[in-house]
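Comments concern the structure below.
2 protein chains.
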Amino acid sequence: MRITIIGLGLIGGSAALAWKEASKEGRFLSSELTITAVDTNPETLDLALELGVADRVTPSIAEGVADADVVLVAVPVLAMGSVMKEVDAAAPVNAVVTDAGSVRSSVITAVRLNVRHERLRHYVPLHPIAGAEKAGLRYATATLYTGATGVVTPLPESDLEDVALVAKLWTLAGLKVVEMTPEEHDRVYAMVSHVPHMIAFALMQMASQSPESETALAAAGGGFRDTTRVAAADARMWADITRGNRQAILDGISRFEAALTHLKGMVAADDYEGYYNYFERTANARRKMTQHLPPVQPTTK
Amino acid sequence: MRITIIGLGLIGGSAALAWKEASKEGRFLSSELTITAVDTNPETLDLALELGVADRVTPSIAEGVADADVVLVAVPVLAMGSVMKEVDAAAPVNAVVTDAGSVRSSVITAVRLNVRHERLRHYVPLHPIAGAEKAGLRYATATLYTGATGVVTPLPESDLEDVALVAKLWTLAGLKVVEMTPEEHDRVYAMVSHVPHMIAFALMQMASQSPESETALAAAGGGFRDTTRVAAADARMWADITRGNRQAILDGISRFEAALTHLKGMVAADDYEGYYNYFERTANARRKMTQHLPPVQPTTK
Numbered sequence: 265m266r267i268t269i270i271g272l273g274l275i276g277g278s279a280a281l282a283w284k285e286a287s288k289e290g291r292f293l294s295s296e297l298t299i300t301a302v303d304t305n306p307e308t309l310d311l312a313l314e315l316g317v318a319d320r321v322t323p324s325i326a327e328g329v330a331d332a333d334v335v336l337v338a339v340p341v342l343a344m345g346s347v348m349k350e351v352d353a354a355a356p357v358n359a360v361v362t363d364a365g366s367v368r369s370s371v372i373t374a375v376r377l378n379v380r381h382e383r384l385r386h387y388v389p390l391h392p393i394a395g396a397e398k399a400g401l402r403y404a405t406a407t408l409y410t411g412a413t414g415v416v417t418p419l420p421e422s423d424l425e426d427v428a429l430v431a432k433l434w435t436l437a438g439l440k441v442v443e444m445t446p447e448e449h450d451r452v453y454a455m456v457s458h459v460p461h462m463i464a465f466a467l468m469q470m471a472s473q474s475p476e477s478e479t480a481l482a483a484a485g486g487g488f489r490d491t492t493r494v495a496a497a498d499a500r501m502w503a504d505i506t507r508g509n510r511q512a513i514l515d516g517i518s519r520f521e522a523a524l525t526h527l528k529g530m531v532a533a534d535d536y537e538g539y540y541n542y543f544e545r546t547a548n549a550r551r552k553m554t555q556h557l558p559p560v561q562p563t564t565k
Numbered sequence: 265m266r267i268t269i270i271g272l273g274l275i276g277g278s279a280a281l282a283w284k285e286a287s288k289e290g291r292f293l294s295s296e297l298t299i300t301a302v303d304t305n306p307e308t309l310d311l312a313l314e315l316g317v318a319d320r321v322t323p324s325i326a327e328g329v330a331d332a333d334v335v336l337v338a339v340p341v342l343a344m345g346s347v348m349k350e351v352d353a354a355a356p357v358n359a360v361v362t363d364a365g366s367v368r369s370s371v372i373t374a375v376r377l378n379v380r381h382e383r384l385r386h387y388v389p390l391h392p393i394a395g396a397e398k399a400g401l402r403y404a405t406a407t408l409y410t411g412a413t414g415v416v417t418p419l420p421e422s423d424l425e426d427v428a429l430v431a432k433l434w435t436l437a438g439l440k441v442v443e444m445t446p447e448e449h450d451r452v453y454a455m456v457s458h459v460p461h462m463i464a465f466a467l468m469q470m471a472s473q474s475p476e477s478e479t480a481l482a483a484a485g486g487g488f489r490d491t492t493r494v495a496a497a498d499a500r501m502w503a504d505i506t507r508g509n510r511q512a513i514l515d516g517i518s519r520f521e522a523a524l525t526h527l528k529g530m531v532a533a534d535d536y537e538g539y540y541n542y543f544e545r546t547a548n549a550r551r552k553m554t555q556h557l558p559p560v561q562p563t564t565k
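Here you go:
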C-alpha cells in the first residue's frame, strides 16, 4: 500500500510512525507499505527521511499523490480546500482521500467546493482526537494515538468500503474509532475541546494582565498548570479552528458563561449550600467520566 | 522536637511523612522527632499508626497539644477558629502554632477572634501550595511538597524566630518558601487557584448538562482531561475556601469574564487577526511560565 501524507506535522508524522511500526510487526493491512511525505518546508522533509518517518519526500502535491492508494491530508483546516483541489487534480481516480482536520462542516464544505463530484465517493474525513501543546514533526511519536478516540464523519456519498479502510488504518495507529455526523462532531468538539481552549486562553490572559501577575505566575501550582496547559497551543492552528467552527464555539462560550454566571450569583449571595451542591454535582460528573479519558502522557509542563 | 498535627488528611499526613523521612536520614532539625496526630475520625487515627505517620494519636486536641513544641493545624478553613480556640487553651505558652489553610485574611481574622493576644506572637500561617483532587490520609506521600511553593504570611505580631522555624520545617518537607502579606496571598491565589477551580467546575457543569453530554464526555480527549481535572476536587473543602476568600474570588471571576467577553467579541466579529494575536500573546505567556511550575506528578486522570 502506498500512503501519501500531506502536511508532516505532529498529526501526520505520528500516523506515519504508527503505521511503520505496525508494518514492521506484521500487523499492517498489506505486506508492503510505502509512505510518501509532502510538505512545503524542506527542513521538515529532510527530518522525515532522517527519522525514517517517510520513504519518499517531495514538496509537490501533484508528484506526491500521483501513485497513491491512500492520501491523508493533515494541513491547517483553512488550507484544506486549496490542498484538496490539487489532490483532486493529480491523484488516481480510485485513491481514498481522508483528512485529519479538527473541524468538520466547514472543511467538508471547502472540499465540496474544490473537488470534482466523483472524488467525494472516495473521501472519508476522520478526526483523530490527539495532539499536544507542542506542534511539529519533531514531537511525533508512534504512540500518540494509543487509547485516543477518532471520529469518522462519512459523507452521504462516501463509499462504505472506503469508510471501513480509513477506520481500519486509524485503528492500526491506536485510535478507537466512533462515527458521528459532521454537525454532531462540531457541536461535541466545541464543547469538550474548542471552548475549553478559549477558556484556557482567557484565563491565561486574565492571570498575565494583573499588576500582581509576576508574583502570581511564579507562585502558581498544579491546578493552574493543568487548567492552562492547552493555552500554550499553536496560535495559528487555533485561529484556523476558531474560524472553522465559529458558530458552535460561540454557542458553547455562551453556555459556559451561563454556567459561570449561575455559580457567581451564588458566591455573591454567599449561598453556601448552593455552591457546595454545585461543586458536589460537577465533581461527581468529573469523577464518573475518568474511565473514558485517555491516559496522561509523560508530557512537558 | 514534638510536633502535633491537628487534622490528618492529605496535607497534614504528607507533612508528617516528609518530616519522618528527613528525621530517618538525619536531616531533621533535632535528633528526636515525635509526631502526635489529632483527628476526629478514629479510622484515620488507626491508619496513621498503621502507616507509621504518627507516633501517638488522640481524638482530643487538649491532650494532643499539651506538650507540643510545634502545632500544625490542617483542618478545613471554616473550622480554623474553633480549633485554634482549643489549641490556645491547652498548648504550652511558647508552642509555635502554624496552619496550612488555603485562604489567609479570613483565617487570620478567625484566629484573632479566638485566641488570647499573647498567642499571636507564636502564630505563623504558612500555606503549602500542594494538594490533589484526591483528599484523605490514604493519598498522603512524603514527596507531595517536593518542588512546590509555600507562602508564609507572618502577622505584625509574629516572632521572627518562629517565622524562621516554620519556614525551615516546611523547607525540610520539600517546599520553596516565599513571603507575602495575607491580602496579597488571597488576591494571588484567587487568580491562580480559586478562580481556575470555579472555571473548571463551570466548564464541567456546561459539558454535563447538554443533550449531547454522554456522547461528548465519552469522546473527550487530553485537553478536556487537563482543563477539568481540578473539578473532581473535594466539594466541602472548596465551599469552605469559596466562603473564606469570597470577595477576591468574585473580583477574579469578573476579571476572567472580561477577558472571555473580549475574546468572544472578536470571534463573533470573525476578527481573525484579533483572535490570532490574542492566542499568540497568551500562548507566549503560558510558555514563559513553564519553568516556574511544579513537575507533573504521576497522577490519576
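Chains as they are written, first to last, in the working numbering: chain Y, 265 to 565; chain D, 265 to 565. Backbone N, C-alpha and C fix where the C-beta goes; we use that ideal spot for every residue, glycine too.
Point to revise | Touching by the beta-carbon criterion (3+ pairs, under 8 Å), the region 401-412 of chain Y and the region 378-385 of chain Y | key: no
Practice item. Tell me, please, whether the CB atom of Ile517/Y is closer than 8 Å to any CB atom in chain D? Key: Locating residue 517/Y in the first sequence gives position 253, counting from the first residue. Yes, because at least one Cβ of chain D sits closer than 8 Å to the Cβ of Ile517/Y.
**Study point:** Option nearest Ala326/D by Cα separation, candidates Val341/D, Asp303/D, Ser472/D, Leu313/D
**Key:** Position 62 of the second sequence holds residue 326/D. Nearest option by C-alpha distance: Asp303/D.
Exercise for review: Answer yes or no: do Arg385/D and Ala332/D have a C-beta to C-beta separation smaller than 8 Å?
Suggested key: The residue labelled residue 385/D in the question sits at position 121 within the second sequence. The residue labelled residue 332/D in the question sits at position 68 within the second sequence. No.
Exercise for review: Work out the CA separation of Pro306/D and Pro323/D for me, nearest whole Å.
Suggested key: As a working note, residue 323/D is residue 59 in the second sequence. As a working note, residue 306/D is residue 42 in the second sequence. Spanning the two alpha carbons is a distance of roughly 7 Å.
Check your understanding: Which of helix, strand or coil does DSSP assign to Pro446/Y?
Key -> Locating residue 446/Y in the first sequence gives position 182, counting from the first residue. It is helical.
**Study point:** Cβ of Lys528/Y within 8 Å of any chain D Cβ
**Key:** What you label residue 528/Y is simply residue 264 of the first sequence in a count that begins at 1. By this cut-off, Lys528/Y is an interface position.
Point to revise | the region 523-553 of chain Y: positions lying closer than 7 Å to chain D by Cβ | key: Ala523, Leu524, Leu527, Lys528, Val531, Ala532, Asp534, Tyr536, Tyr539, Tyr540, Tyr542, Phe543, Glu544, Thr546, Ala547, Ala549, Arg550, Arg551, Met553
Exercise for review: Return no unless some Cβ of chain A is closer than 8 Å to the Cβ of Thr492/D.
Suggested key: The displayed structure is made up of protein chains Y and D, and chain A is not among them.
Exercise for review: Starting from Trp502/Y, find everything on chain D with Cβ-Cβ shorter than 9 Å and list it in chain order.
Suggested key: Here residue 502/Y is taken as the residue at index 238 of the first sequence, counted from 1. In chain order: Tyr539, Tyr540, Phe543, Ala547.
Exercise for review: Kindly list, in the order they appear in chain Y, the residues whose Cβ is closer than 9 Å to that of Pro558/D.
Suggested key: For this step, residue 558/D is matched to residue 294 along the second sequence. Residues of chain Y passing the Cβ test: Ala484, Gly485, Gly486, Arg489, Lys565.
Exercise for review: Decide if Asn358/Y is buried, meaning its Cβ has at least 16 other Cβ atoms within 10 Å, or exposed.
Suggested key: In the first sequence, residue 358/Y corresponds to position 94, counting from 1. Counting Cβ neighbours within 10 Å, Asn358/Y comes out exposed, since fewer than 16 surround it.
Check your understanding: What are the partner residues of Ala301/Y, as DSSP defines its beta bridges?
Key -> As a working note, residue 301/Y is residue 37 in the first sequence. In DSSP, Ala301/Y forms a bridge with Ile269/Y, Val321/Y.
Exercise for review: Just the chain D side, please: which residues come within less than 7 Å of Ser474/Y by C-beta, in chain order?
Suggested key: Here residue 474/Y refers to the residue found at position 210 when the first sequence is read from its first residue. Ordered by position in chain D, the residues that pass the 7 Å Cβ test against Ser474/Y are Met455.
**Study point:** Minimum Cβ-Cβ distance from Leu313/D to chain Y less than 8 Å
**Key:** In the second sequence, counting from the first residue as 1, residue 313/D sits at position 49. It does not: the Cβ of Leu313/D has no partner Cβ on chain Y nearer than 8 Å.
Practice item. Report the rounded CA-to-CA distance for Ala355/D versus Glu289/D, giving the unit in angstroms. Key: For the purposes of this step, residue 355/D is taken as residue 91 along the second sequence, with counting starting at 1. For the purposes of this step, residue 289/D is taken as residue 25 along the second sequence, with counting starting at 1. Just so you know, the alpha carbons of Ala355/D and Glu289/D end up roughly 29 Å apart.
Check your understanding: What's the gap between the Cα of Ser477/Y and the Cα of Ala454/D?
Key -> Counting from 1 along the first sequence, the entry for residue 477/Y is found at position 213. Counting from 1 along the second sequence, the entry for residue 454/D is found at position 190. In a straight line, the C-alpha of Ser477/Y is about 12 Å away from that of Ala454/D.
Review point. If we ignore side chains and look at the alpha-carbon of each, how far apart do Leu481/Y and Pro389/D end up?
Key: Within the first sequence, the letter at position 217 stands for residue 481/Y. Within the second sequence, the letter at position 125 stands for residue 389/D. Taking the straight line joining both Cα atoms gives about 21 Å.
Review point. For Tyr540/Y, does the three-state DSSP call read helix, strand or coil?
Key: Position 276 of the first sequence holds residue 540/Y. In the three-state reduction of the DSSP assignment, Tyr540/Y falls in the helix class.
**Study point:** Opposing strand residues paired with Val335/D [DSSP bridges]
**Key:** The count along the second sequence starts at 1 and reaches residue 335/D at position 71. In the DSSP output, where bridge partners are listed per residue, Val335/D has Thr268/D, Val361/D.
**Study point:** 8 Å contact criterion, which Val494/Y and Pro460/Y should meet: CB distance rounded
**Key:** Here residue 494/Y refers to the residue found at position 230 when the first sequence is read from its first residue. Here residue 460/Y refers to the residue found at position 196 when the first sequence is read from its first residue. That belief holds up - the Cβ atoms of Val494/Y and Pro460/Y are roughly 7 Å apart, short of 8 Å.
Check your understanding: chain Y beta carbons: is any one of them nearer than 8 Å to that of Ile299/D?
Key -> As a position in the second sequence, residue 299/D is number 35, starting the count at 1. No, its Cβ sits nowhere closer than 8 Å to a Cβ of chain Y.
Check your understanding: Is the region 517-527 of chain Y in contact with the region 485-501 of chain D, if contact means three or more CB pairs nearer than 8 Å?
Key -> no
Check your understanding: Among residues of its own chain, excluding the 5 on either side of Ala512/Y, which ones have a beta-carbon nearer than 7 Å to its beta-carbon?
Key -> For this step, residue 512/Y is matched to residue 248 along the first sequence. The residues are Asp450, Arg451, Ala454.
Practice item. Determine the closest residue to Arg550/Y out of Phe543/D, Arg500/D, Ala466/D, with distance taken between C-alpha atoms. Key: To locate residue 550/Y, count along the first sequence from 1; it is residue 286. Comparing Cα-Cα distances from Arg550/Y to each of Phe543/D, Arg500/D, Ala466/D, the minimum goes to Ala466/D.
Point to revise | Beta-carbon spacing of Val339/D, Ile270/D below 8 Å | key: In the second sequence, counting from the first residue as 1, residue 339/D sits at position 75. In the second sequence, counting from the first residue as 1, residue 270/D sits at position 6. Cβ distance < 8 Å, so Val339/D and Ile270/D count as in contact.
**Study point:** Ordered list of alpha helix (DSSP H) runs contained in the region 471-501 of chain Y, each at least 4 residues
**Key:** Qualifying alpha helix (DSSP H) stretches, in chain order: 477-482, 486-492.
Practice item. If I'm right that Thr298/D touches Leu272/D with Cβ under 8 Å, what's the distance once you round it to whole angstroms? Key: Against the second sequence, residue 298/D aligns to sequence position 34. Against the second sequence, residue 272/D aligns to sequence position 8. Not a contact, Cβ separation roughly 15 Å.
Review point. How about Thr546/Y and Met501/D: are their beta carbons less than 8 Å apart?
Key: Residue numbering aside, residue 546/Y sits at position 282 when the first sequence is read from its first letter. Residue numbering aside, residue 501/D sits at position 237 when the second sequence is read from its first letter. Cβ distance not < 8 Å, so Thr546/Y and Met501/D don't count as in contact.
Check your understanding: When you compare only the Cα positions, how much space is there between His458/D and Glu537/Y?
Key -> Residue 458/D sits at position 194 when you count from the first residue of the second sequence. Residue 537/Y sits at position 273 when you count from the first residue of the first sequence. One C-alpha to the other measures close to 18 Å.
Check your understanding: Taking 8 Å as the CB-CB cut-off, is Ala497/Y touching chain D?
Key -> In the first sequence, counting from the first residue as 1, residue 497/Y sits at position 233. By this cut-off, Ala497/Y is an interface position.
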